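Chemist: My numbering numbers the first residue of the sequence shown as 4 and each following residue consecutively.
Before anything else, here's the structure in question.
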Amino acid sequence: MAHLSTGQWIVNQLLTAAMNKEIFVNVLVSTMSADAGVRKQAEAQLKELECQAEATALFLEIAVDTAAPPGVQIAAAIFFKNRVANYWLEASSKFRTLASVIPESEKPALKTQLVQAMIQACGNTHIRAQLTEALQHILTLSEWSELLDVVMQLLGETTNRAYVTTGVLCLYQLVKRHRWASGASENTLNTAVTRAFPALEALAVSLADTSDAQSGELLYLAVKLFKFATYSQLPDYFRDPATLGRWFSLQTAIIDKPAPKDLMAMDTAARAADPRAKCIKWCFANIHRFQSRYGGGSASANADPQFAEFFRTHFVPEILATYWRLVEQWINGSVWLSEVSLYHLISFFEQLIDTTAFALLEPHLDSFLQLVVFKSLCATTETVELFETDPEEYIRRYYDMNREGNTADVAAGNFVYKVVGKRMATCGVLLTLVDGVFAARRADRASAACAFQTEGALRVLSAILFALEREGSPVRGQVDAVLAQFVVPELGAAEDFLTARACECVAVFAHTYRDEQVLARVFEGVRACFLRDDALPVQIEAADALRALVAEPRVVQFLAPDVPRVMEKFLKLNLEFESDILSYVMENFVEVFAAQLEPFAVQLAASLCAQFVKLASEIVETGDNDDKEYQALGVLNTLISMAISMNSSKEVTASLEATIAPLVQFVLDNAMVTFLPETMEFLESCNYASKSVTATGWTLFQTAMLSFQTYGMDYFADYVNYFESVINYGFCDLPGDSQRIGEMLDVCLNLLSTTYEDNPDIMAAYEILQFCLVTLQGKLLPALENVLSVGFNVFRQLQDGGIISELELNEVDFVKFGLAALYADARTTIAFLHQNDLAVSFFELWFNHSDDLDTVLGLKLQILATVNVVMLPHLLSLEPHLPQISAKLMAALASLPDAINRRRKIIARDAVHSEEYGTDADTFDVGIEELDAVKTSPIYDVNAVALVSKSVQELRTNQPERYTKFMASLSPEFLTYVNSLA
Numbered sequence: 004m005a006h007l008s009t010g011q012w013i014v015n016q017l018l019t020a021a022m023n024k025e026i027f028v029n030v031l032v033s034t035m036s037a038d039a040g041v042r043k044q045a046e047a048q049l050k051e052l053e054c055q056a057e058a059t060a061l062f063l064e065i066a067v068d069t070a071a072p073p074g075v076q077i078a079a080a081i082f083f084k085n086r087v088a089n090y091w092l093e094a095s096s097k098f099r100t101l102a103s104v105i106p107e108s109e110k111p112a113l114k115t116q117l118v119q120a121m122i123q124a125c126g127n128t129h130i131r132a133q134l135t136e137a138l139q140h141i142l143t144l145s146e147w148s149e150l151l152d153v154v155m156q157l158l159g160e161t162t163n164r165a166y167v168t169t170g171v172l173c174l175y176q177l178v179k180r181h182r183w184a185s186g187a188s189e190n191t192l193n194t195a196v197t198r199a200f201p202a203l204e205a206l207a208v209s210l211a212d213t214s215d216a217q218s219g220e221l222l223y224l225a226v227k228l229f230k231f232a233t234y235s236q237l238p239d240y241f242r243d244p245a246t247l248g249r250w251f252s253l254q255t256a257i258i259d260k261p262a263p264k265d266l267m268a269m270d271t272a273a274r275a276a277d278p279r280a281k282c283i284k285w286c287f288a289n290i291h292r293f294q295s296r297y298g299g300g301s302a303s304a305n306a307d308p309q310f311a312e313f314f315r316t317h318f319v320p321e322i323l324a325t326y327w328r329l330v331e332q333w334i335n336g337s338v339w340l341s342e343v344s345l346y347h348l349i350s351f352f353e354q355l356i357d358t359t360a361f362a363l364l365e366p367h368l369d370s371f372l373q374l375v376v377f378k379s380l381c382a383t384t385e386t387v388e389l390f391e392t393d394p395e396e397y398i399r400r401y402y403d404m405n406r407e408g409n410t411a412d413v414a415a416g417n418f419v420y421k422v423v424g425k426r427m428a429t430c431g432v433l434l435t436l437v438d439g440v441f442a443a444r445r446a447d448r449a450s451a452a453c454a455f456q457t458e459g460a461l462r463v464l465s466a467i468l469f470a471l472e473r474e475g476s477p478v479r480g481q482v483d484a485v486l487a488q489f490v491v492p493e494l495g496a497a498e499d500f501l502t503a504r505a506c507e508c509v510a511v512f513a514h515t516y517r518d519e520q521v522l523a524r525v526f527e528g529v530r531a532c533f534l535r536d537d538a539l540p541v542q543i544e545a546a547d548a549l550r551a552l553v554a555e556p557r558v559v560q561f562l563a564p565d566v567p568r569v570m571e572k573f574l575k576l577n578l579e580f581e582s583d584i585l586s587y588v589m590e591n592f593v594e595v596f597a598a599q600l601e602p603f604a605v606q607l608a609a610s611l612c613a614q615f616v617k618l619a620s621e622i623v624e625t626g627d628n629d630d631k632e633y634q635a636l637g638v639l640n641t642l643i644s645m646a647i648s649m650n651s652s653k654e655v656t657a658s659l660e661a662t663i664a665p666l667v668q669f670v671l672d673n674a675m676v677t678f679l680p681e682t683m684e685f686l687e688s689c690n691y692a693s694k695s696v697t698a699t700g701w702t703l704f705q706t707a708m709l710s711f712q713t714y715g716m717d718y719f720a721d722y723v724n725y726f727e728s729v730i731n732y733g734f735c736d737l738p739g740d741s742q743r744i745g746e747m748l749d750v751c752l753n754l755l756s757t758t759y760e761d762n763p764d765i766m767a768a769y770e771i772l773q774f775c776l777v778t779l780q781g782k783l784l785p786a787l788e789n790v791l792s793v794g795f796n797v798f799r800q801l802q803d804g805g806i807i808s809e810l811e812l813n814e815v816d817f818v819k820f821g822l823a824a825l826y827a828d829a830r831t832t833i834a835f836l837h838q839n840d841l842a843v844s845f846f847e848l849w850f851n852h853s854d855d856l857d858t859v860l861g862l863k864l865q866i867l868a869t870v871n872v873v874m875l876p877h878l879l880s881l882e883p884h885l886p887q888i889s890a891k892l893m894a895a896l897a898s899l900p901d902a903i904n905r906r907r908k909i910i911a912r913d914a915v916h917s918e919e920y921g922t923d924a925d926t927f928d929v930g931i932e933e934l935d936a937v938k939t940s941p942i943y944d945v946n947a948v949a950l951v952s953k954s955v956q957e958l959r960t961n962q963p964e965r966y967t968k969f970m971a972s973l974s975p976e977f978l979t980y981v982n983s984l985a
């Protein structure tokens, strides 16, 4: 008999007749042992136990067994949840045969048992949370059509709080699961809302009159249910004005209700986390979101305009009546509102700015701006304390460009920006407010209260600076004076938090200074702030302000001699503090001061490389870290800018590449796919800058190929441009039988041979093969037949299987591949096409798509391929198609001049765009012509007209019969054109 492990022997002995609950409890106890050996053995036993029939049910039973130790209950609940998450598989899953998978036969009983367990655990929030999450997994992985009936039964037990709470929790997960209402989900959501929300409404109304925490939690769930019910579509139930009115009256009543005394007795953090405060927060959020999505706000693009107008006419006035009353109470201090509640309140007003409902806001606008918006932007004792005690957190909280916090100051800043952008008349009101604050500041610079308000004034100024030069601005043409009067004095303020905010004013504003004295004062003030060695927020914001100022040629000229020292300070700051602000600043400086920094390129690159590897190592060791990833990406983008900008000689590029090679190696060896696009872009930039592949570049090519074969196929799009650069700048110097070329061909052919349904990059593989064929031409002859065989066979299977239309693939990429093969070696390609009975079908496909090949690359491919075909001594079955082939040649020639002019304009436009917005300014959608225009290909260097002229002369001399047929196939217009070439 085979030897059994101790764990297996226990299982066999104790589970022969039935599952033994006590054994499960003991094993769970052992998993929490302080002895690592005991824990390890218990975990192994659990893996064996979970494969037994009914094991999942037993874990659920233990989770709600009050006789079991509390720790065991929680452990069982977690184990149950994890089993559901991992092994409640869909019927179609390929893993259904695993022993640990929950059998279909057990699922109906488990669903019933789960609901009962939730009722039993209603008072235990820890276990209830695990069971509710398990329910969420079940709804995600399978249908539970009976759950709504269960919900209705539970909600009907109005005198039993455990039943009602469980019913609300089940309804919550059901509605949340179907919140993206479309198709079957929309029907399920509509049915659930129509059937269950009347009972939920009655429950919520009764709970609104209570003040205890348990009722508050249930009311909080009801309010969030409204959110998910209206998340993406408005269910039919809420299209009834009376029904919608009752729900909005309920939520405004919750908002308007005085907070319980025990809630107000808590500290601010505990109060905000209490379910009763969270319930109020979600009422504000629901009203804000409803206006945004259905009332004509920023997310109302697909909303019914008639409903939006109805909502603004009949609902918004009532909401505003409550909000004005609440605002007045908040101003005088008789009402407390959480930061998030204030965010949604102010954001609701912001959603009215660009609608007809602005007329309701306008009479109160001045007081709202001053007493709510401005107040939310002012400094407080707490914010100043944060500045002084935790400057890094202060920067993240108030200056991080990627932060999307739901706080009052964020909403206030958004309100100011939008109101001045949409309602220019408010600019004067805001400037008057700002002027009054700064007048008080000038009168008493020692006043802390004035300093706090000055922070608010600077933040208002930052939000409106963009509009000050617009038509209708009361200070149009006087912005330099505004900066001199309001911002410059604060660059040297005694209060460092104001100095940082003044630097931000300079940083956020793309302004062309008219007054050189003002520019000089701004620059000197910012420079002094940057050179400080204390007050980190001041230094960081000053660095960002310098980035904005180097748009001025006079600043560039002044700063150029000192820029190496400035970059050294950037690097020092970047080591001290993880900030993508600094990464963005460094990238910009590298672009602007490339010539001045080039002598220090290797030193700078080495420092940046070391920073990146340190950050990346920490990410590998500790797992995901968004802050470190942002910072590392910023460093990588700076290095890319260096490769692009510092390219006065091949030696500089080669030195940069060699210096940064460890970084590339680290990313690729550790499969850090987050950084893969930028890493490949860096390698491509090096190849492009040197117009060759260096010795270091070939070493990194081998690493890149290994990474692609290991894990990179799923990220093929990130490799494409790099592969093209290697083909263009490296393969031209290699023999056709080079191992490197063979590896590249294998990559493409293997990609073509993968499962088509899971491979959206098939056409990109054809594009890479096209580049190889065009670049290498005759060098590829030994491999050409295999390339053609795989390429054409795969395309035929794609056509026959209907996959081209299903995946919306572009057949033009395949046509380019075929034309490139004809250009590389027409004789071999035509022979292959004839042998496989593909000649006529391919040429028909080409002719059908010839109008789509209207870029310079597409037209030249057609011209070069056609010339090669026409020059062949034997066309076989294509002989009758000579007139069509000739016509395509002439049409492509006729279209080429316009295409060349369009390409030149695109390249010129992109150059201007890059100068204005930076090298990463490709944030706009581009078409095929734009993409082709910026590609590098040896085809662009071919003089197509001269080639055609030479070929016609050779045809007349060497193949007079073909020449006669060719000329006879031309129209009179093209005949004249060809004769002119001769």
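We treat Cβ as the ideally placed atom computed from N, Cα and C, and that holds for glycine.
These numbers come from a predicted model, not from an experiment.
Nearest to Thr383 by CA position, among Ala446, Pro73, Ala451, is which residue?
Modeler: Here the question's residue 383 lines up with position 380 in the sequence shown. Answer by Cα proximity: Ala451.
Chemist: Evaluate the contact criterion for the region 685-692 versus the region 634-654: three or more CB pairs, one atom per stretch, below 8 Å.
Modeler: At 8 Å Cβ cutoff, the stretches touch.
Chemist: Around the C-beta of Tyr714, are 16 or more other C-beta atoms found within 10 angstroms, so that it is buried, or is it exposed?
Modeler: Numbered from 1 along the sequence shown, position 711 holds the residue referred to as residue 714. Flag for Tyr714 reads exposed.
Chemist: According to DSSP, is Gly424 helix, strand or coil?
Modeler: Numbered from 1 along the sequence shown, position 421 holds the residue referred to as residue 424. Correct three-state label for Gly424: helix.
Chemist: Go ahead and pull the three-state DSSP assignment for Val833.
Modeler: In the sequence shown, counting from the first residue as 1, residue 833 sits at position 830. Correcting the residue identity first, residue 833 is Ile in this sequence and not Val. Three-state DSSP puts Ile833 in a helix.
Chemist: Determine the contact status of Leu791 and Ala824, defining contact as a CB-CB distance below 8 Å.
Modeler: Stepping through the sequence shown from its first residue, residue 791 is reached at position 788. Stepping through the sequence shown from its first residue, residue 824 is reached at position 821. Cβ distance < 8 Å, so Leu791 and Ala824 count as in contact.
Chemist: Is the CB-CB distance between Ala554 and Ala513 below 8 Å?
Modeler: Sequence index remark: in the sequence shown, residue 554 carries index 551 (1-based). Sequence index remark: in the sequence shown, residue 513 carries index 510 (1-based). Against a cut-off of 8 Å, the Cβ pair of Ala513 and Ala554 comes out as a contact.
Chemist: Please go through the region 692-761 and give each complete alpha helix (DSSP H) segment of 4 or more residues, from N-terminal end onward.
Modeler: The region 692-761 contains these whole alpha helix (DSSP H) runs: 698-713, 719-732, 742-755.
Chemist: Do Ile105 and Trp91 have their C-beta atoms closer together than 8 Å?
Modeler: Here residue 105 refers to the residue found at position 102 when the sequence shown is read from its first residue. Here residue 91 refers to the residue found at position 88 when the sequence shown is read from its first residue. Cβ distance < 8 Å, so Ile105 and Trp91 count as in contact.
Chemist: Asp239: buried (16+ other C-beta within 10 angstroms of its C-beta) or exposed?
Modeler: Position 236 of the sequence shown, counted from the start, is the residue given in the question as residue 239. By the 10 Å Cβ count, Asp239 comes out exposed.
Chemist: With distances taken from CA atoms, which of Ser476, Val797, Ala454, Gly475 is nearest Ala497?
Modeler: Here residue 497 refers to the residue found at position 494 of the sequence shown. When each option's Cα is compared against that of Ala497, the closest is Ala454.
Chemist: What's the C-alpha gap between Thr542 and Ala608?
Modeler: Within the sequence shown, numbered from 1, the residue matching residue 542 stands at position 539. Within the sequence shown, numbered from 1, the residue matching residue 608 stands at position 605. Residue identity differs from the one stated: residue 542 is Gln in this sequence, not Thr. Going by the C-alpha atoms only, they are around 23 Å apart.
Chemist: Tell me whether Arg799 is buried or exposed, calling it buried when 16 or more other Cβ atoms sit within 10 Å of its Cβ.
Modeler: Walking along the sequence shown from the start, residue 799 turns up at place 796. Answer is exposed; the Cβ neighbour count stays below 16.
Chemist: Helix, strand or coil: which one does DSSP assign to Gly821?
Modeler: Stepping through the sequence shown from its first residue, residue 821 is reached at position 818. In this structure, Gly821 counts as helix in the three-state DSSP scheme.
Chemist: Would you check if the distance between the CB atom of Phe845 and the CB atom of Gly821 is smaller than 8 Å?
Modeler: What you label residue 845 is simply residue 842 of the sequence shown in a count that begins at 1. What you label residue 821 is simply residue 818 of the sequence shown in a count that begins at 1. Contact: yes.
Chemist: Taking the alpha-carbon positions, what's the Leu471 to Asp483 distance?
Modeler: As a first step, residue 471 must be located in the sequence shown, where it is residue number 468. As a first step, residue 483 must be located in the sequence shown, where it is residue number 480. Whole-angstrom Cα-Cα distance: 10 Å.
Chemist: Given this structure, state the Cα-to-Cα distance separating Ala362 from Ile356, to the nearest angstrom.
Modeler: The sequence position of residue 362 within the sequence shown is 359, counting from 1. The sequence position of residue 356 within the sequence shown is 353, counting from 1. Using only the alpha carbons, I get a separation of about 9 Å.
Chemist: Whole angstroms is fine: what's the gap from Asp857's alpha carbon to Ala895's?
Modeler: For the purposes of this step, residue 857 is taken as the residue at position 854 of the sequence shown. For the purposes of this step, residue 895 is taken as the residue at position 892 of the sequence shown. Looking at the two C-alpha atoms, the distance is approximately 8 Å.
Chemist: Buried or exposed for Ser972, please, with buried defined as at least 16 other CB atoms from any protein chain shown within 10 angstroms of its CB.
Modeler: Here residue 972 is taken as the residue at index 969 of the sequence shown, counted from 1. Classification for Ser972: buried.
Chemist: Which residue spans inside the region 176-235 form an unbroken alpha helix (DSSP H) run of at least 4?
Modeler: Listed in chain order, they are 187-211, 216-232.
Chemist: When DSSP labels each residue in this structure, what does Cys381 get in the three-state scheme?
Modeler: Along the sequence shown, one-based indexing puts residue 381 at 378. Note: Cys381 maps to coil in three-state DSSP.
Chemist: When you compare the CB positions of Val666 and Cys751, do they come within less than 8 Å of one another, or not?
Modeler: The residue given as residue 666 occupies position 663 in the sequence shown. The residue given as residue 751 occupies position 748 in the sequence shown. The identity of residue 666 in the sequence shown is Leu, whereas the question assumes Val. No. Outside cutoff.
Chemist: In this structure, how does DSSP classify Cys612 when only helix, strand and coil are distinguished?
Modeler: Here residue 612 corresponds to residue number 609 of the sequence shown, with the count starting at 1. Helix at Cys612.
Chemist: List, from N- to C-terminal side, the alpha helix (DSSP H) runs of 4 residues or more that fit wholly inside the region 264-321.
Modeler: The qualifying runs are 264-267, 271-276, 278-297, 308-317.
Chemist: State yes or no: is the C-beta of Gly336 within less than 8 Å of the C-beta of Leu380?
Modeler: Walking along the sequence shown from the start, residue 336 turns up at place 333. Walking along the sequence shown from the start, residue 380 turns up at place 377. No.
Chemist: With a CB to CB cut of under 7 Å and the five nearest residues on each side skipped, what residues in its chain are close to Met35?
Modeler: Residue 35 sits at position 32 when you count from the first residue of the sequence shown. Around Met35: Gly74, Ala78.
Chemist: Whole angstroms are fine: how far does the CA of Ser303 sit from the CA of Thr197?
Modeler: Position 194 of the sequence shown, counting from 1, holds the residue named residue 197. Position 300 of the sequence shown, counting from 1, holds the residue named residue 303. When rounded, the distance between both Cα atoms is 24 Å.
Chemist: Once the 5 residues before and after Leu703 are set aside, which same chain residues still bring their CB inside 7 Å of it?
Modeler: On the sequence shown, position 700 is the one that residue 703 refers to. Counting only Cβ-Cβ distances below 7 Å, and skipping sequence neighbours, we find Ala664, Val667, Leu686.
Chemist: Give every residue of the same chain whose Cβ lies closer than 7 Å to the Cβ of Ser301, excluding the five residues on either side of it in the sequence, and list them in chain order.
Modeler: As a working mapping, residue 301 is identified with position 298 in the sequence shown. Excluding sequence neighbours, Ser301 sits near Ser295, Gln354.
Chemist: At which residues does the alpha helix (DSSP H) containing Phe850 begin and terminate?
Modeler: Residue numbering aside, residue 850 sits at position 847 when the sequence shown is read from its first letter. Counting along the chain, the alpha helix (DSSP H) containing Phe850 begins and ends at 842-852.
Chemist: Any Cβ of chain C within less than 8 Å of the Cβ of Gln139?
Modeler: In the structure shown, chain C does not exist; there is a single protein chain.
Chemist: With the cut-off set at 8 Å, would you say Val490 and Cys508 are in Cβ contact?
Modeler: Walking along the sequence shown from the start, residue 490 turns up at place 487. Walking along the sequence shown from the start, residue 508 turns up at place 505. Cβ atoms of Val490 and Cys508: closer than 8 Å.
Chemist: Can you look up Pro900 in the DSSP assignment and give me helix, strand or coil?
Modeler: The sequence position of residue 900 within the sequence shown is 897, counting from 1. The answer is helix: DSSP assigns Pro900 an H, G or I state.
Chemist: Does DSSP classify Pro886 as helix, strand or coil?
Modeler: The residue you call residue 886 lines up with position 883 of the sequence shown. Correct three-state label for Pro886: helix.
Chemist: Run through DSSP, which three-state label would Phe927 get?
Modeler: In the sequence shown, counting from the first residue as 1, residue 927 sits at position 924. Since pLDDT at Phe927 reaches only 39, below the 50 mark, its modelled position is unreliable, and the value read off the structure follows with that caveat. In the structure shown, Phe927 sits in coil (DSSP, three-state: anything other than H, G, I, E or B).
Chemist: Leaving out the 5 sequence neighbours to the left and right, which residues in its chain are closer than 7 Å to Phe999 when beta-carbon positions are compared?
Modeler: The question about residue 999 has no answer here: the residues shown for the chain are numbered 4 through 985.
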